[in-house]
Amino acid sequence: MKYIITAALLLTALCAKAEIEITLLTDCICEGGDAQQAFSVVAEGSAAPFQFYWTGPDGYSSSEKEPVDIQSPGEYRLRVLNDYGCVFNYYIELPACPQPHLEYTPTPTSPCVENGGITATFTEGAGDFHSFEWYEEGGMTTGVQSLELSGVGAGVFAFRVSSVYPNPFQDELTIKLTASYDGKATIRMVNLLGQTVHMEEQAFIRGYNPLTVSTAGAQWQNGIYHLIVTDEKQNQFTEKVILQR
């Protein structure tokens, strides 16, 4: 999505034109997620050079042209000051990503026998296309990638929807995908300029699928990329990944 401002200034019979193009790099942002670059800004015209001032939710402010520390959804304002002292304001709404809501049904474990379990059920935000992972208290994975955890003893467990590892990655990453049907997924890697640097299609089956993406030999710069996985039903999830070689 792009927003363009064009301003013409008449100064001593000379027309100074300034064009500001703002592109959203993400469809939405997760509440409490990692800091990221959410906007790409292109400023051109004879009114250059430009100065940039961002303000946003929760007292956010930045003087960077393209800040990389955006964390909250809401309305952001970009104030652009050109070389003639004129100020232009632009307002951009960055929506919050819909979050899945789940209910958990525990099965008690018997004394001295690890036969307990937990079943997760979507009550909102359910889709056919998710990746799941159960973790023990402290962050250690159980190795279970499904809605149901079984054969465990008493303890505290955490459930994560969507998982990509390793992250940061070097030459290969794996998407832990659980699907409710057989199909195909389109996997895209998009840089912070909104450019697709890699795209491939992989088949998946009902149940757990580890989808591996190889980037060996790719001449990409280290930094942040958006991994976008879309199925034939247009179900989609996006995860920020970091290339670090």
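Position in the sequence shown (first residue = 1) + 886 = this note's numbering.
C-beta: ideal position from N, C-alpha, C; glycine also.
Since we're looking at a predicted model, the values are computed, not measured.
Query, Result
"Is DSSP giving residue 1117 helix, strand or coil here?", "strand"
"Does the beta-carbon distance from residue 1035 to residue 1099 come in below 7 angstroms?", "no"
"Going by the DSSP bridge assignment, what does residue 982 pair with across the sheet?", "915"
"Look up residue 943 in the DSSP assignment and say whether it is helix, strand or coil.", "helix"
"Say whether the segment 924 to 942 touches the segment 954 to 970, bearing in mind that this needs 3 or more beta-carbon pairs closer than 8 angstroms, one atom from each stretch.", "yes"
"Among 1006, 993, 1057, which residue has its Cα nearest to the Cα of residue 1037?", "993"
"How close, in whole Å, do the beta carbons of residue 1114 and residue 1120 come, if the pair is a contact with beta carbons under 8 angstroms?", "Actually they do not touch by this definition, with Cβ atoms about 12 angstroms apart."
"Taking only the alpha-carbon atoms, compute the straight-line gap between residue 1007 and residue 991 and give it to the nearest angstrom.", "8 angstroms"
"Please state the DSSP three-state secondary structure of residue 1060.", "strand"
"Please work out which residues of its chain come closer than 7 angstroms, Cβ to Cβ, to residue 982, disregarding the five sequence neighbours upstream and downstream, and give them in chain order.", "914, 915, 917, 959"
"What is the residue span of the beta strand (DSSP E) that residue 936 lies within?", "Note, residue 936: premise wrong, no beta strand (DSSP E); not H, not E."
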